[in-house]
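Number of protein chains: 2
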Amino acid sequence: MHHDSLHALLVKEKLSLTRPRRIIFDLLLHKDPQSMQVLISRAANKVDRATIYRTIELFERLGIVHRLNIGWKYKIELSDLFVGHHHHFHCNQCGATHTLQANPMLETMIDTVAAKENFSPRSHQLEIHGLCGQCAGQPA
Amino acid sequence: MHHDSLHALLVKEKLSLTRPRRIIFDLLLHKDPQSMQVLISRAANKVDRATIYRTIELFERLGIVHRLNIGWKYKIELSDLFVGHHHHFHCNQCGATHTLQANPMLETMIDTVAAKENFSPRSHQLEIHGLCGQCAGQPA
DNA sequence: GATATATTTGCAAATTTGTCGCAATTATAT
DNA sequence: ATATAATTGCGACAAATTTGCAAATATATC
Ligand SMILES: [Mn+2]
Ligand SMILES: [Mn+2]
Ligand SMILES: [Zn+2]
Ligand SMILES: [Zn+2]
């Protein structure tokens with residue numbers, strides 16, 4: 000159960016799995032990356048705005064979520080700990096965001112490139128922009 | 000001259016290279032990624048806040064700049080059209096941002112991965128997080 | 001270079017987004 | 001069940017971003 004891992008991560012820091020934290024986590028589970036505004040409106044009457052900001056900040060610090068550069072404002076999604084590692088493809092035409100499964104060869108190369116410069120990589124984010132299959136077919 | 004390419008990109012869209020646009024472009028040239036706030040304060044008394052937002056939005060639409068996820072807030076930098084294509088490494092410890100020269104092998108693989116899923120990649124962004132050489136040496 | 005036309009800017013106000021203090025509530029430990 | 005520490009909701013704030021519109025500036029034409 001995902002809630003168990005979440006609970007474990009929190010307990011390790013002497014923090015507790017509260018109702019608001021569970022609600023926010025559930026909003027993120029199995030969903031595409033969401034903007035703060037969407038999260039806030041989806042949690043309306045359940046969790047306060049301030050708590051959502053505080054929780055996302057906490058979750059990010061613990062590596063439970065991370066934020067993405069899609070469009071003008073950022074979006075939040077669960078980290079690799081909860082959904083398999085993946086990258087994103089964003090269509091410039093229709094605005095759709097697709098998931099790209101992680102490719103072992105590519106992952107290795109990314110770490111290698113960083114190591115070559117004497118860095119110790121811990122995580123990374125790759126966003127590809129262009130045209131999706133649909134949009135590439137039709138004229139603009 | 001970089002201003003010529005900038006001018007060409009604007010003219011193609013029936014837009015003009017105005018004083019504020021040139022000033023903002025120059026602020027970005029040869030500089031590390033900058034936050035909106037820094038851009039606003041650096042352009043103080045020269046370009047209005049609203050104009051900076053409008054210009055960055057325009058530049059982004061035309062592919063002249065793109066935004067980066069570095070830490071909590073995003074930053075703006077010139078796109079590959081004006082500075083060589085590169086990636087970023089961000090140190091979780093000291094907060095420094097380093098440039099990673101583009102690696103031909105890696106670049107090819109990124110495009111291949113996207114193409115395999117029937118996407119037509121036009122650009123991409125890779126951000127690596129971890130510890131820099133300095134910080135990896137010393138204990139936390 | 002002067003004039004006409006369309007675009008762009010600055011300004012100030014409005015809206016949206018993100019933060020903070022603190023009393024009341026909720027979670028863990030005993 | 002009680003004690004203790006962590007967490008939340010609720011304003012009130014503060015910061016960031018957007019907008020309408022009259023004035024200023026750029027391009028096209030004469
Ligand atoms: Mn990866
Ligand atoms: Mn690249
Ligand atoms: Zn598309
Ligand atoms: Zn460092």
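As given, the protein sequences belong to chains F and V, one line each in that order. The first sequence begins at 0 in numbering that gives the first Met the number 0 and counts up one residue at a time. The second sequence begins at 0 in numbering that gives the first Met the number 0 and counts up one residue at a time. Glycine residues also receive a C-beta, built at the ideal position from the N, C-alpha and C atoms.
Inter-residue Cα distance where the pair is residue i and residue j
i: residue 112 of chain F; j: residue 102 of chain V; result: 8 Å
i: residue 45 of chain V; j: residue 125 of chain F; result: 36 Å
i: residue 23 of chain F; j: residue 38 of chain F; result: 8 Å
i: residue 34 of chain V; j: residue 123 of chain V; result: 20 Å
i: residue 6 of chain F; j: residue 15 of chain V; result: 56 Å
i: residue 18 of chain F; j: residue 2 of chain F; result: 12 Å
i: residue 29 of chain F; j: residue 47 of chain V; result: 42 Å
i: residue 11 of chain F; j: residue 58 of chain F; result: 13 Å
i: residue 56 of chain V; j: residue 92 of chain V; result: 31 Å
i: residue 130 of chain V; j: residue 72 of chain V; result: 20 Å
i: residue 62 of chain V; j: residue 13 of chain F; result: 46 Å
i: residue 81 of chain V; j: residue 87 of chain V; result: 16 Å
i: residue 64 of chain F; j: residue 26 of chain F; result: 12 Å
i: residue 36 of chain F; j: residue 50 of chain F; result: 13 Å
i: residue 128 of chain V; j: residue 120 of chain F; result: 6 Å
i: residue 74 of chain V; j: residue 43 of chain V; result: 18 Å
i: residue 97 of chain F; j: residue 117 of chain F; result: 32 Å
i: residue 106 of chain V; j: residue 108 of chain F; result: 10 Å
i: residue 41 of chain F; j: residue 8 of chain V; result: 41 Å
i: residue 89 of chain V; j: residue 133 of chain F; result: 35 Å
i: residue 114 of chain V; j: residue 104 of chain F; result: 15 Å
i: residue 78 of chain F; j: residue 4 of chain V; result: 40 Å
i: residue 110 of chain V; j: residue 100 of chain V; result: 17 Å
i: residue 54 of chain V; j: residue 53 of chain F; result: 32 Å
Three-state secondary structure assigned by DSSP to residue i
i: residue 126 of chain V; result: strand
i: residue 107 of chain F; result: helix
i: residue 93 of chain F; result: coil
i: residue 137 of chain V; result: coil
i: residue 4 of chain F; result: helix
i: residue 9 of chain V; result: helix
Counted within 10 angstroms of its Cβ, other Cβ atoms place residue i as buried (16 or more) or exposed
i: residue 68 of chain F; result: buried
i: residue 135 of chain F; result: exposed
i: residue 66 of chain V; result: buried
i: residue 84 of chain V; result: exposed
i: residue 20 of chain V; result: buried
Ligand 5 heavy atom lying under 6 Å from the CB of residue i
i: residue 137 of chain F; result: Inclusion of ligand 5 in the displayed structure is not the case, the ligand content consisting of ligand 1, ligand 2, ligand 3 and ligand 4 alone.
### Task
Write down every uninterrupted run of the alpha helix (DSSP H) in the segment 19-79 of chain F whose length is 4 residues or greater and which is fully enclosed by it, in chain order.
Counting whole runs of 4 or more residues, the segment 19-79 of chain F contains the alpha helix (DSSP H) stretches 35-41 and 48-60.
### Query
Along the segment 117-132 of chain V, what residues have a CB closer than 8 Å to any CB found in chain F?
In summary, the residues of the segment 117-132 of chain V whose CB is separated from some CB of chain F by less than 8 Å are 117, 118, 119, 120, 121, 122, 123, 124, 125, 126, 127, 128, 129, 130, 131 and 132, in the order they occur in the chain.
### the segment 100-113 of chain F: positions lying closer than 8 Å to chain V by Cβ
102, 104, 105, 108, 109, 112 and 113: these are the residues of the segment 100-113 of chain F whose beta carbon lies less than 8 Å from some beta carbon of chain V, given in chain order.
### Message
Counting only Cβ-Cβ distances shorter than 9 Å, please list the residues of the segment 32-66 of chain V near chain F, keeping chain order.
### Response
Listed by position, the residues of the segment 32-66 of chain V near chain F (Cβ gap below 9 Å) are 56, 59, 65 and 66.
### Message
Which residues of the segment 80-92 of chain F have a Cβ closer than 9 Å to any Cβ of chain V? Give them in chain order.
### Response
Hits within the stretch, in order: 86, 88, 90 and 91.
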